[in-house]
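For the sequence shown, the residue numbers in mature numbering (1 follows the signal peptide of the UniProt record, and there is no 0) are -33 to -1, 1 to 295.
All remarks here apply to the structure that follows.
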Amino acid sequence: MEDPLMKLKSRWMAALVVLPLALTGCTSTTNTAATTDAAASGDPVTIAVVTHGSPGDTFWDVVKSGAEQAGKDLGATVTYQGDGDPVKQSQLIDAAVATHPDGLIVSMANPDGVKNAVEKAVAAGIPVITINSGLEQSREFGAQTHVGQSEFIAGQGAGEQLAAADVSNVICVIHEAGNTGLEERCKGAADTLGGSVTNVQVDVANVADAQNTIKSSLLADPSIDGVLTLNPGIAVAASQAIEEAASSAKLATFDVSSDVTQLILDGKILFAVDQQPYSQGYLPVTFLTLQARNGDVVGGGMPVYSGPGFVTKDNAEQVAKFAKNGTR
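Structure, rendered in structure tokens:
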């Protein structure tokens, strides 16, 4: 009589011999399934980014870097274009829509100026996410979500910080005419400062002239004890203007760069309001790629806040490490 244990061992040995043969016979089927799964999670995706940022603007260079890195990480193609003129930006949006991308990312510094172009993109069935500016109009225009910060709330935070530093007479330096987000920042600061906030208009494309304008304002009114800039490059110019005017005004700014973090460490800037532009580029590319490949729609019609945070002397050194890499 055959030993049951030996019989069982024989069956297992036979199974081990058959298994590789079975796997070999099913190789094409198994690989096809794996290839199908890979395609489902890695289908070619193209995301178009059209902002109001001017070429060479350090802030928008960081946004662009974030978007492009997300594309590399996810295997998606990302195109980036920018123009501060809303008419030209609308034309860029129209041109991007004509290429039928899988998603469109748009900043809306002048919401009314790009409204038609954004709405046409939505009507064409292209998922749209707005970033940076235009939070209040984003949902109205048909965008799925907005990645950025509430500029008014961020301005309120800046006003509170300035008030805590005993500042009461501030000039708020607007560097782009017609940019509603910048105006909201100044309004927010005025709401919480408990003092006077006067808007001063300059042109970010002419930093030298902006420096002279800030200097002239300080010389004309020695009671000005605070300067709030809304751009890193203008912050650097304001720091120099304060020195040239021999003013004791305290300086604060929106947005971060390696120059700004160094000025904070040097005690020449009180703080910077950080909306994390790298995230504003990276996150929407991620969201739209997930939507194209997996049907995920992020935001639920509500904004995804990337800020505000505050960079002060306490954490500037840590942030400076990332700013040198061009990601903050």
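Here a beta-carbon is modelled for each residue, glycine too, at the ideal position from N, C-alpha and C.
Around the Cβ of residue i, are there at least 16 other Cβ atoms within 10 angstroms (buried) or fewer (exposed)?
i, result
"Ala239", "buried"
"Ala175", "exposed"
"Leu(-11)", "For Leu(-11), the pLDDT reaches just 34, beneath the cut-off of 50, and the residue's location in the model is therefore unreliable, although a value from the coordinates is still provided. Answer is exposed; the Cβ neighbour count stays below 16."
"Asn292", "exposed"
"Gln123", "buried"
"Val264", "exposed"
"Asn146", "buried"
"residue 297", "No statement about residue 297 is possible, as the shown extent of the chain runs from -33 to 295 and does not include it."
"Ala144", "exposed"
"Gly20", "buried"
"Asp69", "buried"
"Asp188", "exposed"
"Gly200", "buried"
"Val278", "buried"
"Asp241", "buried"
"Ala121", "buried"
"residue 297", "As displayed, the chain neither begins before -33 nor continues past 295, which places residue 297 out of reach and without an answer."
Going by the CB atoms, is the gap between residue j and residue i shorter than 8 Å?
i, j, result
"Leu71", "Val54", "no"
"Leu129", "Leu195", "yes"
"residue 320", "Gly101", "Outside the displayed span of the chain (-33 to 295) sits residue 320, for which this structure offers no information."
"Ser273", "Gln243", "yes"
"Pro78", "Gly49", "no"
"Ile209", "Thr220", "no"
"Phe119", "Gly162", "no"
"Val164", "Val137", "yes"
"Glu86", "Gly115", "no"
"Thr159", "Met269", "no"
"Ala157", "Val169", "no"
"Val252", "Ala34", "yes"
"Val140", "Ile191", "no"
Alpha carbon to alpha carbon, what distance is there between residue j and residue i?
i, j, result
"Gly193", "Gly276", "20 Å"
"Asp281", "Ala90", "48 Å"
"Arg295", "Ser206", "20 Å"
"Glu127", "Leu257", "38 Å"
"Val12", "Ala63", "14 Å"
"Val167", "Phe26", "21 Å"
"His67", "Gly92", "9 Å"
"Ala283", "Val227", "9 Å"
"Arg260", "Asp10", "7 Å"
"Val45", "Leu250", "13 Å"
"Phe289", "Gly234", "20 Å"
"Asn83", "Ile60", "10 Å"
"Ala202", "Leu218", "8 Å"
"Tyr245", "Val29", "5 Å"
"Glu107", "Ala212", "45 Å"
"Glu103", "Asp133", "32 Å"
"Ala125", "Ser135", "12 Å"
"Gln36", "Gly42", "10 Å"
"Ser57", "Asp24", "20 Å"
"Asp52", "Ser105", "19 Å"
"Ala131", "Gly266", "34 Å"
"Asp40", "Asp222", "25 Å"
"Gln285", "Ser183", "35 Å"
"Asn173", "Gly262", "45 Å"
"Lys31", "Ala88", "21 Å"
Is the shortest distance between the beta-carbon of residue i and the beta-carbons of chain D less than 8 Å?
i, result
"Asp176", "No chain D is present in this structure, which holds just one protein chain."
Below 8 Å on the Cβ atoms is my contact criterion, and I expect residue i with residue j to pass it. Report the Cβ-Cβ distance as a whole number of Å.
i, j, result
"Tyr47", "Val81", "Not really, about 16 Å apart at Cβ, beyond 8 Å."
"Ile98", "Leu255", "That belief does not hold up - the Cβ atoms of Ile98 and Leu255 are roughly 11 Å apart, past 8 Å."
"Ala287", "Gln229", "7 Å"
"His142", "Asn198", "5 Å"
"Ala216", "Leu185", "6 Å"
"Ala76", "Gly148", "6 Å"
Legend entry - In chain order, each beta strand (DSSP E) run of at least 3 residues that lies wholly inside the region 156 to 235: If only uninterrupted beta strand (DSSP E) runs of at least 3 residues are considered, those enclosed by the region 156 to 235 are 163 to 168, 193 to 196 and 217 to 221.
Inset, instruction - May I have a chain-ordered list of the beta strand (DSSP E) segments no shorter than 3 residues that lie completely inside the region 12 to 81? - result: Fully enclosed beta strand (DSSP E) runs of 3 or longer: 13 to 18, 44 to 49 and 70 to 74.
Legend entry - Length at least 3, wholly inside the region 67 to 150: the beta strand (DSSP E) runs in chain order: With a minimum length of 3 residues, the unbroken runs of beta strand (DSSP E) contained wholly in the region 67 to 150 fall at 70 to 74, 95 to 98, 112 to 115 and 136 to 141.
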